[in-house]
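Residue numbers (our numbering): 1 to 444.
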Ligand code: NDP
């Protein structure tokens, strides 16, 4: 059995029942086969064994009291996966589906994503099975304060710097930061995604969505094409989805559909983002409201149907495993040309195979959605240096990072004889830098 197959078997045996973690490890390790063949010295220092094992996993109880005085207990997680190239960095997810498998898959992906940005940040991820949906601001604040009352001892601006993810936006980051500051008595850059009045960076809100579209723009430009006149389907209606849709529209695309976890909107004349933002960002209401307010828009209950809508470009921006083989086949049948992942692991392994066989340009999450964490690192640089860059300065840096990532993964794929396989290219380009740093630092 070869090195990669042996490690994959060990991952499954040592981490039973962690389906999402197995899925991410399989996707990554399979594409590292040609790398470890070329570099047999990696096996001698058990590099892959160490790469798939988090440096530290913190699990904790999060008790909190709701508005009626009832006590609830949630699970809290922080997986500090790999600090070879910098302090752990990665978001916090608050969603009822959160478990150790999901946090570990996200953490493993994050190591390579952060490496791809070219910035000095290691990989980590955390969160809770707490559901902020339908909770009052007071309840969310008390939950965040309880969560930070344990987390604070594990993080620090040179140790581990969390950020947002699903269910953790500017409101939650504000409450988390307030509690950190109160306990530690320091106004440190220990969380990113902070408000502009207390250490945040311009463009952080837009960064993941804009970055995704910048990468697609580059992929199109390399093929002599552009967004102009393209039909785009975006899944999700949260932070990543809204700003991906906004940037795609500004480049001349027609974004015709979006969803939340209840159902999707099809508006063939183009989603009116001012209405969508009001519903999702300000009112925190359900997406079906959009069809009530915008004449001609259709609401369909359930999410899957969105992938039957014909489009040139699909941007899955909600959550893991949104696109399975059947949804991928429907997109291919309807002529999709580019699929770029805004969410983490939104396409199943079988779905990826369908796209790659059909010659669809498939841009994987760890490269395509790296704009968020890259801008978080720019936020760290600004707060560390007591600087404040303009929107245009940060946006220009973000764009150049996304263009660089595209070319780095393209070149890595070519170098290993896998031209056009951006899944392999992203994994290889991200991994090589981590591997070098791990080898240099000895057996730790
Ligand atoms: P948000 O919480 O802002 O939005 C998530 C959106 O996805 C909501 O519309 C939500 O609908 C929908 N959604 C969540 N779960 C499901 C589900 N099971 N089925 C259908 N729809 C669902 O999160 P973000 O936009 O921040 O994150 C979206 C994705 O992007 C995640 O995979 C995240 O890991 C990834 N990402 C985010 C980054 C960031 O900077 N925010 C950076 C890099 C990656 P509802 O409101 O109904 O729950």
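Virtual Cβ for every residue (Gly too), placed ideally from N, Cα, C.
Inset, instruction - State yes or no: is the C-beta of residue 418 nearer than 8 Å to some heavy atom of ligand 1? - result: no
Legend entry - Where residue 395 falls: helix, strand or coil (DSSP): If DSSP states are grouped into helix, strand and coil, residue 395 belongs with the helices.
Inset, instruction - Kindly examine ligand 1 and report whether one of its heavy atoms sits closer than 8 Å to the Cβ of residue 114. - result: no
Inset, instruction - Would you mind stating whether residue 276 and residue 248 have Cβ atoms separated by less than 9 Å? - result: no
Legend entry - Spatially closest choice to residue 432 from 33, 54, 211, 324, by CA coordinates: 33
Legend entry - Any non-hydrogen atom of ligand 1 closer than 8 Å to residue 228 Cβ: no
Legend entry - Distance CB(residue 3)-CB(residue 42) smaller than 9 Å: yes
Inset, instruction - Could you check if residue 337 is buried or exposed, using at least 16 other CB atoms within 10 Å of its CB as the buried criterion? - result: buried
Inset, instruction - Helix, strand or coil for residue 490, going by three-state DSSP, please let me know. - result: This structure leaves residue 490 out entirely; the chain is present only between 1 and 444.
Legend entry - Identity of the residue in 328, 319, 318 nearest residue 309 by Cα: A check of alpha carbon separations from residue 309 across 328, 319, 318 identifies 328 as the nearest.
Legend entry - residue 235: first and last residue of the uninterrupted beta strand (DSSP E) it sits in: 231-235
Inset, instruction - Could you tell me whether any non-hydrogen atom of ligand 1 is closer than 8 Å to the CB of residue 165? - result: yes
Inset, instruction - For the region 130-187, list the beta strand (DSSP E) runs that are entirely contained and at least 3 residues long, ordered along the chain. - result: 160-163
Legend entry - Cross-strand partners of residue 80 (DSSP beta bridge): Per DSSP, 56, 124.
Legend entry - For residue 298: DSSP bridge partner residues: 266
Inset, instruction - Please list, in chain order, all residues of the same chain as residue 388 whose beta carbon is under 7 Å from its beta carbon, the five residues on each side excluded. - result: 382
Inset, instruction - May I ask you to report which of helix, strand or coil DSSP gives residue 99? - result: Coil.
Inset, instruction - Please check if any C-beta of chain B sits within less than 9 Å of the C-beta of residue 267. - result: Absent from the structure: chain B. Only one protein chain is present.
Legend entry - Residue range of the unbroken alpha helix (DSSP H) whose run includes residue 259: Careful: residue 259 lies outside any alpha helix (DSSP H), inside the beta strand (DSSP E) at 254-259.
Inset, instruction - Could you tell me whether the region 175-189 touches the region 263-278, where touching means 3 or more Cβ pairs closer than 8 Å? - result: no
Legend entry - For residue 362: DSSP bridge partner residues: Answer is 339, bridged to residue 362.
Inset, instruction - Would you mind working out which of 245, 51, 421 sits nearest residue 360, comparing C-alpha positions? - result: 421
Inset, instruction - For residue 443, count neighbouring C-beta atoms within 10 Å of its own C-beta (all shown protein chains included) and say buried if the count is 16 or more, exposed if not. - result: exposed
Inset, instruction - State the Cα-Cα distance for the pair residue 179 and residue 145, rounded to the nearest angstrom. - result: 6 Å
Inset, instruction - Report yes if the C-beta of residue 106 is less than 8 Å from at least one heavy atom of ligand 1; otherwise report no. - result: yes
Legend entry - Bounding residues of the beta strand (DSSP E) (the contiguous stretch that carries residue 315): 313-316
Legend entry - Check: residue 459 C-beta below 8 Å from any heavy atom of ligand 1: The requested residue 459 is not part of the displayed model; the chain covers only 1 to 444.
Inset, instruction - Would you give the residue range spanned by the beta strand (DSSP E) that residue 94 belongs to? - result: 88-94
Legend entry - Given residue 354 as reference, the closest of 333, 398, 214 once Cα atoms are compared: 333
Legend entry - Three-state secondary structure (DSSP) of residue 26: helix
Inset, instruction - Could you tell me which residues DSSP pairs with residue 72 in its beta bridges? - result: Residue pairing for residue 72: DSSP places it in a beta bridge opposite 64.
Inset, instruction - Alpha carbon to alpha carbon, how far is residue 340 from residue 37? Give it in angstroms, no decimals. - result: 29 Å
Inset, instruction - Give the DSSP-derived three-state secondary structure of residue 405 in the structure shown. - result: helix
Inset, instruction - Hey, could you find the ends of the alpha helix (DSSP H) residue 246 is sitting in? - result: 239-250
Legend entry - Top-ranked residue by Cα proximity to residue 147, from 62, 111, 95, 323: 62
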